[in-house]
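Asker:
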Amino acid sequence: MKPVVLAGGTGSRLWPKSRAALPKQFLSLTSDKTMLQDTILRLPADKMELPLFICNEDHRFLAAEQLRVADIDYDSIILEPVGRNTAPAIALAALRAVQQGEDPVLLILAADHLISDHNAFHAGVERATLLAEQGKLVTFGVVPTEAHTGYGYIKSGDSVDEIGFKVAQFVEKPDLATAQQYLKSGEYYWNSGMFMFKASVYLRELSEHAPDIFAACTNAMQNTNKDMTFIRVDADEFAKCPDDSIDYAVMERTSDACMVPLDAGWNDVGSWTSLWETSQNKDTSGNVVIGDAILDGVTNSYINSEQRLIAVIGLDDVVVVETKDAVMVANKSKVQDIKNVVNKLKAEKRSEFEFHREVFRPWGSYDSIDNGRRYQVKRISVKPGEKLSVQMHHHRAEHWIVVSGTANVTVGEVTSLVTENESIYIPIGEIHALENPGKILLELIEVQSGSYLGEDDIVRFSDRYGRVEVKK
26 MKPVVLAGGT GSRLWPKSRA ALPKQFLSLT SDKTMLQDTI LRLPADKMEL PLFICNEDHR
86 FLAAEQLRVA DIDYDSIILE PVGRNTAPAI ALAALRAVQQ GEDPVLLILA ADHLISDHNA
146 FHAGVERATL LAEQGKLVTF GVVPTEAHTG YGYIKSGDSV DEIGFKVAQF VEKPDLATAQ
206 QYLKSGEYYW NSGMFMFKAS VYLRELSEHA PDIFAACTNA MQNTNKDMTF IRVDADEFAK
266 CPDDSIDYAV MERTSDACMV PLDAGWNDVG SWTSLWETSQ NKDTSGNVVI GDAILDGVTN
326 SYINSEQRLI AVIGLDDVVV VETKDAVMVA NKSKVQDIKN VVNKLKAEKR SEFEFHREVF
386 RPWGSYDSID NGRRYQVKRI SVKPGEKLSV QMHHHRAEHW IVVSGTANVT VGEVTSLVTE
446 NESIYIPIGE IHALENPGKI LLELIEVQSG SYLGEDDIVR FSDRYGRVEV KK
């Protein structure tokens, strides 16, 4: 069995923690591991082939680094040049498996779900395998615990080998009255968005029911570029692919759709309320507190502090989330409306839509700690052995002061070592590079000064991470 982990998406309903450049699957929200790491670590390792990941081009180094830190071996990471929903993403994975001369059972997983009962999950996977090996396309239907209006539903049909059920119908998110009817009937299950089938079976059904998706993905996989563990598909061909979910493109149309019930503490962690509901660490007043907070007369609330002290007084059913550059306060019943705030941030082209104050790069990270009209101060961390691109700036000069570690700095034609408490100056228009040649983290303070300080004032001449290059 080969796990296929879908790690795209932006998780905008969990803003301000989750942002376009660092979405929820790469955050530690339900344990000390990130959600991506937990997705693999909960699997029965002895029964799995190396997993395959599908993610956005912009998140490739985030995914690779988190897998490295968690010591997770994997097949490869397929990079989507543009988002095209789940049906095309799964097609890329199935085509990759077939190209390798295999026809494994694929276990399709989202990288941002919570499953608390691992044993029950393993049992559900074993049952689903029996049907997948018979050529069925299996989905997992979560046994509902309430009349939830935030999930799609699956109506169960006739029993299949006393293992699962035929899928009678996929149903969109219902209103409350309809959801209550579904719960009472006992015939409806939450749609988990997890699937299992043979690679060849999925491709056969896709070619029959969504031939345009099949053709576009096949063409995209015929001209791939492998870069380390990353696989880049043909961007022009993939861009021609329709944007459809697997539910719509295949599962609602095939005659071989089956469902295996799953009662394993599943949650899609789609909102801050979900995190409050699933937390095992509520205090006696029903509050979940993460970070530094003082509460007085507060009940049934979720408080998450990243850096500063949060004081909350006399409130019930609220969510308060603080990051280095934003604070979000909402009634628990209104957290779905966070998307309205995110849309406004995007429309106004504010940086808080995409980035945190601390931005992660393949070589390390930078944190913008202060800025003014013609200056900006950053704290830069470079991992051992890593190097920033050879670059220059048209509008700013930079001072670098090393706080810890050793920097190998090239300015023009001169390369020198800069150690703790030493500094170096990079004039406007000068080609320069920064590398950490040591065994420990390099930390430095960068002071930028000039007429324009945007991140797009970077001309790269060479870069080991495959970012845009220009010739001298």
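If you count the sequence shown from 1, you need to add 25 to reach our numbering. In this text, a Cβ means the ideal position worked out from N, Cα and C, and glycines have one as well. Because the structure is a prediction, the values reported are computed rather than measured.
1) Please name the residue in A282, A351, T164 whose C-alpha comes closest to that of E383.
2) With the cut-off set at 8 Å, would you say T64 and F51 are in Cβ contact?
3) Starting from N329 and walking both ways along the beta strand (DSSP E), at which residues does that stretch end?
4) What residue does the alpha helix (DSSP H) around G149 start on, and which one ends it?
5) Going by DSSP, what residues sit across from V367 in a beta bridge?
6) If I measure Cβ to Cβ from G175 and keep anything under 7 Å in the same chain, skipping five residues before and after, which residues do I get?
7) To which residues of the same chain is A95 closer than 6 Å at the C-beta, ignoring the five residues directly before and after it?
8) On the DSSP letters alone, give me the boundaries of the beta strand (DSSP E) that Q62 sits inside.
9) Can you give the beta carbon distance from I133 to F239, rounded, assuming they're within the 8 Å contact cut?
10) Look at the Cβ atom of E82, then the Cβ atom of P106, and state whether they are nearer than 8 Å.
11) Could you please give me the residues that DSSP links to R321 through a beta bridge?
12) Quick one: what's G503 bridged to in DSSP?
13) Following the continuous alpha helix (DSSP H) through L134, name the residue where it begins and the one where it ends.
14) Going by Cα to Cα distance, which pick from Y99, D252, V443 is closest to V30?
15) So what does M26 bridge to, in DSSP terms?
16) Which residues in the same chain as A88 place their Cβ atom closer than 8 Å to its Cβ, once the five residues preceding and following it in sequence are excluded?
17) Taking 7 Å as the limit between beta carbons, can you name the residues of its chain near D482, skipping five residues before and five after?
18) Counting only the same chain and skipping the five closest in sequence on each side, list residues whose C-beta sits under 6 Å from that of Q332.
19) Roughly how many angstroms separate the alpha carbons of L478 and T35, rounded to a whole number?
20) What does the alpha-carbon distance come out to for the pair A70 and A135?
21) If I follow the unbroken alpha helix (DSSP H) through E423, where does it start and stop?
22) Assign L201 to buried or exposed, taking buried as 16 or more other Cβ atoms, counted over all protein chains shown, within 10 Å of its Cβ.
23) Grouping DSSP H, G and I as helix and E and B as strand, with all else coil, what is L39?
24) Would you say Y391 and K408 are within 8 Å of each other, going by their C-beta atoms?
25) Leaving out the 5 sequence neighbours to the left and right, which residues in its chain are closer than 8 Å to P129 when beta-carbon positions are compared?
26) Only counting the same chain, and skipping five residues up and downstream in sequence, which positions put a Cβ closer than 6 Å to that of D281?
27) Measure from the alpha carbon of A157 to the alpha carbon of each residue in A114, Y227, H138, R93, then state which is nearest.
28) According to DSSP, is C80 part of a helix, a strand, or is it coil?
29) Count Cβ pairs between the region 177 to 194 and the region 247 to 267 that sit closer than 8 Å; are there 3 or more?
30) For D137, count the other beta carbons within 10 Å of its own beta carbon; 16 or more makes it buried, fewer makes it exposed. Which is it?
31) Just confirm the distance between the C-beta atoms of L467 and T431, as a whole number of angstroms; I'd bet it's less than 8 Å.
32) When the Cα atoms are used, what is the spatial distance from A458 to A45?
33) Could you round the C-beta distance between E471 and W425 to whole angstroms and report it? I think they count as a contact, below 8 Å.
34) State the start and end residues of the unbroken alpha helix (DSSP H) segment that holds Y207.
35) Pick out whichever of S217, E447, T440 has its Cα sitting closest to the Cα of V427.
36) Closest to P41 by C-alpha separation, out of L413, L370, I456, would be which residue?
Answerer: According to the data block:
1) Closest by alpha carbon: A351.
2) The answer is no: Cβ separation not under 8 Å.
3) Per DSSP, N329 belongs to the beta strand (DSSP E) from 327 to 330.
4) Segment 143 to 157, the alpha helix (DSSP H) holding G149.
5) Residue pairing from DSSP leaves V367 without any beta-bridge partner.
6) The residues are K198, G295.
7) Excluding its 5 nearest sequence neighbours in each direction, A95 has C-beta neighbours in its own chain below 6 Å: Q62, listed in chain order.
8) Where Q62 is concerned, there is no enclosing beta strand (DSSP E), although the alpha helix (DSSP H) it sits in stretches over 60 to 66.
9) That belief does not hold up - the Cβ atoms of I133 and F239 are roughly 17 Å apart, past 8 Å.
10) Inclusion of E82 and P106 in the CB contact set at 8 Å is warranted, their separation being smaller than that value.
11) In the sequence as presented, Arg is not what sits at residue 321; that position holds Asp. D321 is bridged by DSSP to I338.
12) No answer is possible for residue 503: it lies beyond the span of the chain, which begins at 26 and ends at 497.
13) No alpha helix (DSSP H) holds L134; the beta strand (DSSP E) holding it covers 130 to 135.
14) Measuring from the Cα of V30, the nearest candidate turns out to be Y99.
15) Among the bridge pairs identified by DSSP, M26 is matched with none.
16) Here the set comprises A32, F51, L61, F78, C80, I102.
17) Same-chain partners within the cutoff: H418, H419, H420, R421.
18) Taken in chain order, the residues that qualify are K349.
19) Linking L478 to T35 through their CA atoms gives a straight-line distance of about 27 Å.
20) Computed Cα separation, rounded: 17 Å.
21) Segment 421 to 429 is the beta strand (DSSP E) holding E423; no alpha helix (DSSP H) there.
22) Around the beta carbon of L201, a 10 Å sphere encloses fewer than 16 other beta carbons of the protein chains shown; the residue is thus reported as exposed.
23) Here L39 sits in helix by DSSP.
24) No, the Cβ-Cβ distance between Y391 and K408 is not below 8 Å.
25) So the qualifying residues of the chain are M26, K27, E74, A122, K223, A224.
26) The answer, listed in chain order, is K161, L162.
27) A157 has its Cα closest to that of Y227, out of A114, Y227, H138, R93.
28) Judged by DSSP in its simplified three-state form, C80 adopts strand.
29) The region 177 to 194 vs the region 247 to 267: no contact.
30) By the 10 Å Cβ count, D137 comes out buried.
31) Sure, about 7 Å apart at Cβ, within 8 Å.
32) So the two alpha carbons sit approximately 28 Å from each other.
33) Correct: roughly 6 Å between the Cβ atoms.
34) Run containing Y207: 201 to 210, per the alpha helix (DSSP H) assignment.
35) It is E447.
36) Comparing alpha-carbon positions, the option among L413, L370, I456 lying closest to P41 turns out to be L370.
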